[in-house]
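Colleague: Questions regarding the structure given below will be posed in turn.
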Amino acid sequence: MNIFSLVYKINWLFIFLLILVSSLGVGLLYSIAGGEWNPWALNQIIRILIGVLLLLFAASINIKIWYKNSYYIYFFCIFLILITLFFSREISGATRWLDLYFFSMQPAEILKIFVILTLAKYFHSIKLQSFDIKHRILFPLLILLLPVTLVFKQPDLGTALIIFFSGIVVFFLAGVKAKVFLGAGILGTISMPVLWSFLKDYQKSRIINFLDQQSDVLGANYHITQSKISLGSGGLFGKGFLQGTQSHLSFVPEMQTDFIFSVLGEEFGFFGIFMLFIIYAIIMFWAIRICLNSRNYFSKIFGISFISSFFLSIFVNVGMVTGIIPVVGVPLPLCSYGGSAMISYFIGFGILLSGYNFRDNKLENI
Amino acid sequence: MYKYPNLDKLLLRRTFLLGVGKGILLTGVLGRLIYLQIVKSNQYKLLANKNRISLRLLNPIRGKISDRNGKLLAINQNTFRVLCVVDNKIELKKALFNLSKFIFLNNIETQKIVNDFEKKNKNMPYLIKENLKWNEVSSISANSFLIPTIIIESGLQRKYPFKQTSAHTIGYLGPPTNNEIKKEPILGLMNINVGRFGMEEHLEKRLRGIPGTRHLEVNAHGRIVREIRKENSKKGNNVKLSIDIELQKKLYSLLKDKSGSIVAINVNNGEVIGMVSSPSFDPNFFNQGFSTEDWKTLINDPLAPLVNKSISGEYSPGSTFKTIVLLSALKNNIIKKNSSILCTSKLETKDRSFYCWCHKKKTGCYAARNHQRNVRPKLAIAQSCDCFFYELAKKIGINKIAETAKTFGIGKKTGIDIRGEKTGLVPTKSWKRKNIGKSWHVGETMITGVGQGYITSTPLQLALVTALIANNGKKIFPKINLDDFNLEKNVINDDMDEHHSDYEEYFPIIREGMYDAVNKHIGTAYKSRLSKPIFAGKTGTVQVRVITEEERETEIIPNRELPFEQRDHALFIGFAPYKNPKVAISVIIEHGGSGSSQAAPIAAKIFKKII
Chain A
302 MNIFSLVYKI NWLFIFLLIL VSSLGVGLLY SIAGGEWNPW ALNQIIRILI
352 GVLLLLFAAS INIKIWYKNS YYIYFFCIFL ILITLFFSRE ISGATRWLDL
402 YFFSMQPAEI LKIFVILTLA KYFHSIKLQS FDIKHRILFP LLILLLPVTL
452 VFKQPDLGTA LIIFFSGIVV FFLAGVKAKV FLGAGILGTI SMPVLWSFLK
502 DYQKSRIINF LDQQSDVLGA NYHITQSKIS LGSGGLFGKG FLQGTQSHLS
552 FVPEMQTDFI FSVLGEEFGF FGIFMLFIIY AIIMFWAIRI CLNSRNYFSK
602 IFGISFISSF FLSIFVNVGM VTGIIPVVGV PLPLCSYGGS AMISYFIGFG
652 ILLSGYNFRD NKLENI
Chain B
978 MYKYPNLDKL LLRRTFLLGV GKGILLTGVL GRLIYLQIVK SNQYKLLANK
1028 NRISLRLLNP IRGKISDRNG KLLAINQNTF RVLCVVDNKI ELKKALFNLS
1078 KFIFLNNIET QKIVNDFEKK NKNMPYLIKE NLKWNEVSSI SANSFLIPTI
1128 IIESGLQRKY PFKQTSAHTI GYLGPPTNNE IKKEPILGLM NINVGRFGME
1178 EHLEKRLRGI PGTRHLEVNA HGRIVREIRK ENSKKGNNVK LSIDIELQKK
1228 LYSLLKDKSG SIVAINVNNG EVIGMVSSPS FDPNFFNQGF STEDWKTLIN
1278 DPLAPLVNKS ISGEYSPGST FKTIVLLSAL KNNIIKKNSS ILCTSKLETK
1328 DRSFYCWCHK KKTGCYAARN HQRNVRPKLA IAQSCDCFFY ELAKKIGINK
1378 IAETAKTFGI GKKTGIDIRG EKTGLVPTKS WKRKNIGKSW HVGETMITGV
1428 GQGYITSTPL QLALVTALIA NNGKKIFPKI NLDDFNLEKN VINDDMDEHH
1478 SDYEEYFPII REGMYDAVNK HIGTAYKSRL SKPIFAGKTG TVQVRVITEE
1528 ERETEIIPNR ELPFEQRDHA LFIGFAPYKN PKVAISVIIE HGGSGSSQAA
1578 PIAAKIFKKI I
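So the protein lines, in turn, are chains A and B.
Every position in the first sequence, counted from 1, becomes a number in my numbering once 301 is added.
Every position in the second sequence, counted from 1, becomes a number in my numbering once 977 is added.
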């Protein structure tokens, strides 16, 4: 496929929507910095550009190649995580960053995409074969739990949960029976106390404080209290661009990353949030339609799972900012400041588009 | 195409199910957002404003206090203090080092500043030095670019240029107590001092003014971002007092190294033109913050420098009270102007003997070698004959004396507009029964007749009595705040002179007696007489100890040989000029000795100064 047919084939309008959401993020970062391009907005623009390039690159790679190499990429990512775990410096109690001298990245964010890709390949490859439990559930569960455990060890509970539930979505889409989910759900509930003991103290306290948000508003619940004030004070139409008091006077912590949504809510109000949701919804519906148009099972299952993961991130982020789920540290897709997550989503959408661009390719014979 | 085409159908169905699930979650999130942003929005808007807007009060400028001639007694002086904006000790030390190039910082102080750094209020500038001198200020500001962490703040500080001279009358400022803050919460926010004494306390409301406000936008760290709105503070009212600071200076110098009080009052309108209590204190100290040791010495000083003796000191009036007793007798027709009483220098009753002040074992009453003579009222006042008043008091009876004393304002507050006024005490039979639980003795009436025993009064009351005698009973109220024209407010004294008219015809007798006391050679204050102005007065000497019979047998120990606290109090009341009186005064020197030798000369100097 030459470059011209790619330019012709590629869904530019869809990419435009992605850039639109990212630009909104840039605008918010510009506002948070008090109307300055530094320190965040400019960096974010560079990342978006890199992301779009990578998206085009990923989209121009034949889906066959993605299919063939997904296991290798998976192990490469696991390798990166291990390096990160053992060799990188601790930043505020967690080892998430891999320093590659000219830039640093969070392998866990990249892994998010490729775990789905790997599971998609796995289910694609077994779909012609037996339905026995070992192949159907245990192996893919192993594929899923290895990275989840490693990411959880970093510790990065938010990303680990996102990866885990994205994987579960793949299971669901691949046709694992409902009763299995039911059983696993019950088992999971029963084993809650055991899992609890694996949590770090700060994670436990976050969950405890989540259950009692009125207490300790200056300490453990400070984040969420201030975030709710931001959102609530924004009202229906917001205080206006660059007018957010909560964010400009730095009452909301982490507002350029995990809490960027509260800045949106404060400056543009419920109306702005609704607009963002509509764009998100269009992206997701469109993406699912694109997936379903593909002729191969691999592309479909990857695409829909990826979109579900995308949705899950949005839900967890917004849920945490609005105080309906505990603070677990998940960025708002395409908006929050952060290169790894941004680039990984663009790559994910790139693979999704690749599945569409090469939708007629059959993967059975590989 | 696929071996299991239903797999696609399954995928589609599950995708749809997943979509439904997502829809439910999204609805939940949207519901939450509607709740936060629409339903509860107003509440959160309020919280957001509460977060960002910080109300700071602008302290009002306190009103000035001046004397009757407009000389300023309490002013606000600009002060400068140097502060430092640093986050840790290392920066602080660096700043101090740099600062020490420009102003003198002593080592011990510097050490203390560094040590106290932990206690500092976060996000607030840290105070290094107060009360900078002008050259220090200019040296810092000229080099401010070299010491960016150092800032200079200007403020106002109360100054009392005349220091001790009128400390009791003017008062001083001090930080509000917790109780006051509870009563007036705004005090806790303002960081100002409140009046603690004298006029500063009494006129606190009027002097203080109304604070302004600054609505400031602050960030999460409490730093000021900008000013949203400002309402200027309202200056406190200036106050003009009736006292004359030049006279005050003179009065204070007359009481130097003595303990006592002088009150000078205008007999025509009750204005207090001089009021001094000694020893005094420097009210400027209280502003500058002085050590606990200084405070302890002030508080524990037996001469009570912190008490305004002019209004809070309750003294036996001594012989000065004889004027009242005589007025009472004349009014109640016990004695006539020209009738006389036969006096001996020693009066025996069944339980004890009463001696005249002039009693000497061998000679008896100095004026009459035969130990007895007839004394008329005028002479009794002039010569202060004790026996005359023993007899007279016995005849009048305590209740009638008390009635007259009360009519002239003794035993109740005069209503002067300074706080801390005491009432003094006028004993009666029922009072004694109630408070001491014993019945009244006639001896006590006699003692009261010479102004000793239970009866006490304040120097101000005595000055007021004198003024009433001098102005022939014209109703006046002592006042010190010239701006306060609202005389009807004076409730306490409304009934004070209802019966003054009853005494009107007898005032001249008293005045003549007082004239003789000063200007006739038999008078007790003859040595202090002045040719100009001619003044009249009455001395008083109050015993603070009991003179035993044995002592009288041998020789009475003179005051100067007694320990200080056993010496007599010296009193003098008087008015001048004798014709057309203008000023009435009362002088009390605690343990000063006799009224004629100690208090009267002071009174003479005062009259010389005033008239």
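A virtual CB, placed ideally from N, CA and C, is assigned to each residue, including glycine.
What's the C-alpha gap between B/Asp1474 and B/Asp1271?
Modeller: Confidence in B/Asp1474 is poor, its pLDDT being 48 and thus under 50, which makes the residue's placement too unreliable to answer from.
Colleague: Along chain B, which residues have their Cβ under 7 Å away from the Cβ of A/Lys601?
Modeller: The contacting residues are Leu988.
Colleague: Taking a Cβ distance cut-off of 9 Å, strictly less, list which residues of the stretch 468–486 of chain A are near chain B, in chain order.
Modeller: Residues passing the 9 Å Cβ filter: Val470, Phe473, Leu474, Ala475 and Gly476.
Colleague: To which residues does DSSP link B/Glu1130 through a beta bridge?
Modeller: Answer is B/Arg1058.
Colleague: Could you give the distance in angstroms between the alpha-carbon of B/Leu1133 and the alpha-carbon of B/Leu1034?
Modeller: One C-alpha to the other measures close to 15 Å.
Colleague: Pull up the distance between the alpha-carbon of A/Ser389 and that of A/Val452, whole angstroms please.
Modeller: If I take the Cα positions, the gap works out to 14 Å.
Colleague: When you measure from the CB of A/Thr526 to every non-hydrogen atom of the ligand ATP, does any distance come out below 6 Å?
Modeller: Here there are no bound small molecules, and the ligand ATP is not part of this structure.
Colleague: B/Gly996 to A/Lys540, Cα distance in whole Å?
Modeller: So the alpha carbons of these two residues sit roughly 33 Å apart.
Colleague: Comparing C-alpha positions only, which one of A/Phe415, A/Phe376, A/Ala421 and A/Pro634 sits nearest to A/Thr558?
Modeller: The option with the nearest alpha carbon to A/Thr558 is A/Pro634.
Colleague: With 7 Å as the threshold, decide whether the Cβ of A/Gln547 is near any Cβ in chain B.
Modeller: With 7 Å as the cut-off, A/Gln547 counts as an interface residue toward chain B.
Colleague: Given 8 Å as the limit, is there contact between the stretch 1396–1408 of chain B and the stretch 1279–1288 of chain B, that is, 3 or more CB pairs closer than that?
Modeller: Enough Cβ pairs lie closer than 8 Å, so yes.
Colleague: DSSP on B/Ala1119, reduced to helix/strand/coil?
Modeller: Helix at B/Ala1119.
Colleague: For A/Val631, which residues in chain B fall below 9 Å Cβ to Cβ?
Modeller: Per Cβ cutoff of 9 Å: no residues; A/Val631 is ~14 Å from chain B at best.
Colleague: Name the chain A residues that come within less than 7 Å of B/Gln1438, Cβ to Cβ?
Modeller: Here the premise fails: no neighbours, minimum Cβ distance about 60 Å.
Colleague: Which chain B residues are close to A/Ser609, counting only those with a beta carbon under 7 Å from its beta carbon?
Modeller: Simply Leu995.
Colleague: Express the C-alpha separation of A/Phe440 and A/Ile615 in angstroms, rounding to a whole number.
Modeller: The alpha-carbon atoms of A/Ile615 and A/Phe440 are separated by roughly 29 Å.
Colleague: Between the stretch 1483–1490 of chain B and the stretch 1235–1242 of chain B, are three or more C-beta pairs nearer than 8 Å?
Modeller: Too few Cβ pairs lie closer than 8 Å, so no.
Colleague: Candidates B/Cys1362, B/Phe1081, B/Val1091 and B/Ile1085: which alpha carbon is nearest B/Lys1071's?
Modeller: Comparing Cα-Cα distances from B/Lys1071 to each of B/Cys1362, B/Phe1081, B/Val1091 and B/Ile1085, the minimum goes to B/Val1091.
Colleague: Residues of the stretch 1181–1209 of chain B in Cβ contact with chain A at a cutoff of 8 Å, in chain order, please.
Modeller: From the stretch 1181–1209 of chain B, only Glu1194, Val1195, Asn1196, Ala1197, His1198 and Val1202 have a Cβ closer than 8 Å to chain A.
Colleague: Output the distance between the C-alpha atoms of A/Leu321 and A/Asn618, rounded to the nearest integer angstrom.
Modeller: Each residue's alpha carbon lies about 19 Å from the other.
Colleague: If you measure from the beta carbon of A/Val619 to each beta carbon in chain B, is any gap under 7 Å?
Modeller: It does: the Cβ of A/Val619 has a partner Cβ on chain B nearer than 7 Å.
Colleague: So that I know if they touch, is there some Cβ in chain A lying closer than 7 Å to that of B/Ile1469?
Modeller: Because the pLDDT of B/Ile1469 is 45, which lies under 50, any placement of that residue in the model is unreliable, and the number read from its coordinates should be weighed accordingly. Chain A contact via Cβ: absent.
Colleague: Specify the secondary structure class of B/Ile1393 as computed by DSSP and reduced to three states.
Modeller: In this structure, B/Ile1393 counts as coil in the three-state DSSP scheme.
Colleague: Determine the direct distance from the alpha carbon of A/Arg348 to that of A/Phe607, and round the result to whole angstroms.
Modeller: Those two C-alpha atoms are separated by around 21 Å.
Colleague: Given a threshold of 16 other Cβ atoms within 10 Å of its Cβ, counted over all protein chains shown, does A/Pro494 qualify as buried or as exposed?
Modeller: The residue in question, A/Pro494, is exposed, as its Cβ has fewer than 16 Cβ neighbours within 10 Å.
Colleague: Locate the alpha helix (DSSP H) running through B/Cys1320, then write down its first and last residues.
Modeller: No alpha helix (DSSP H) holds B/Cys1320; the beta strand (DSSP E) holding it covers Ile1318 to Thr1321.
Colleague: For B/Val1284, does the three-state DSSP call read helix, strand or coil?
Modeller: B/Val1284: coil per DSSP, three-state reduction.
Colleague: CA-CA distance, B/Asn1261 and B/Lys1041?
Modeller: Spanning the two alpha carbons is a distance of roughly 15 Å.
Colleague: Between the alpha carbons of A/Ser324 and B/Asn1075, how many angstroms are there, rounded?
Modeller: Cα to Cα, the separation comes out at about 49 Å.
Colleague: From the beta carbon of B/Thr992, is the nearest beta carbon of chain A less than 7 Å away?
Modeller: It does; some Cβ of chain A falls within 7 Å.
Colleague: Using a C-beta cutoff of 7 Å, does B/Ala1025 count as contacting chain A?
Modeller: Cβ-Cβ to chain A under 7 Å: yes for B/Ala1025.
Colleague: Do the stretch 1349–1365 of chain B and the stretch 1311–1324 of chain B make contact, defined as three or more Cβ pairs closer than 8 Å?
Modeller: Enough Cβ pairs lie closer than 8 Å, so yes.
Colleague: Count the CB pairs spanning the stretch 409–423 of chain A and the stretch 593–611 of chain A that are closer than 8 Å, and state whether there are at least three.
Modeller: Output reads yes: the stretch 593–611 of chain A touches the stretch 409–423 of chain A.
Colleague: What are the boundary residues of the alpha helix (DSSP H) that includes B/Thr1400?
Modeller: From DSSP, B/Thr1400 is part of no alpha helix (DSSP H); its letter is neither H nor E.
Colleague: Taking C-beta to C-beta, are A/Ile508 and A/Pro627 nearer than 7 Å?
Modeller: Cβ atoms of A/Ile508 and A/Pro627: closer than 7 Å.
Colleague: Leaving out five residues on either side along the sequence, give the residues of the same chain with a beta carbon under 8 Å from the beta carbon of A/Tyr372.
Modeller: Counting only Cβ-Cβ distances below 8 Å, and skipping sequence neighbours, we find Thr419 and Lys422.
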